[in-house]
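I have placed the structure first, in the form of structure tokens, so that the comments after it can refer back to it.
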Amino acid sequence: MNNQYEYVERPLTLNIARKLIHELFAGQTVQRQDILRTVLDTHLERGGLEPRATSNNPVTLALASMRREG
Numbered sequence: 001m002n003n004q005y006e007y008v009e010r011p012l013t014l015n016i017a018r019k020l021i022h023e024l025f026a027g028q029t030v031q032r033q034d035i036l037r038t039v040l041d042t043h044l045e046r047g048g049l050e051p052r053a054t055s056n057n058p059v060t061l062a063l064a065s066m067r068r069e070g
């Protein structure tokens, strides 16, 4: 666990997912499934919690939001 991680003990949300996507994949072309898996795994490895949302994955929502914004 990384005690410096800002989101320790917090569930993965859309905003956290957006920040991790930018951090981990800036300037890269990556398969959506790889992004979904890597963002969740990274968040959990750093001490974060599973997302609370059961119907809408926060990573999927973050990707859709980022796509709309360009």
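Here the sequence shown stands for residues 1 to 70, where the numbers follow the numbering used here. Using N, Cα and C, we set each Cβ at its ideal position, and we do this for glycine too.
- [ ] Specify whether the stretch 56-64 and the stretch 13-33 touch according to this definition: at least 3 beta carbon pairs, one from each stretch, less than 8 Å apart.
- [x] Yes: at least three Cβ pairs fall under 8 Å.
Task: Cα-Cα separation between residue 55 and residue 66, rounded to whole angstroms - done: Mapped onto the sequence shown, residue 55 falls at position 55. Mapped onto the sequence shown, residue 66 falls at position 66. So the two alpha carbons sit approximately 19 Å from each other.
Open item on the list: Quick check: what's the CA-CA separation for residue 9 versus residue 49?
Closed with: Counting from one through the sequence shown, the residue named residue 9 turns up at place 9. Counting from one through the sequence shown, the residue named residue 49 turns up at place 49. Each residue's Cα considered, the two are about 6 Å apart.
- [ ] With a threshold of 16 other CB atoms inside 10 Å of the CB of residue 43, please say whether the residue is buried or exposed.
- [x] Within the sequence shown, residue 43 is the residue found at index 43, counting from 1. Its Cβ being crowded by 16 or more others within 10 Å, residue 43 is buried.
TODO: With a 10 Å radius around its C-beta and 16 neighbouring C-beta atoms as the bar for buried, classify residue 30 as buried or exposed.
DONE: For this step, residue 30 is matched to residue 30 along the sequence shown. It counts as exposed.
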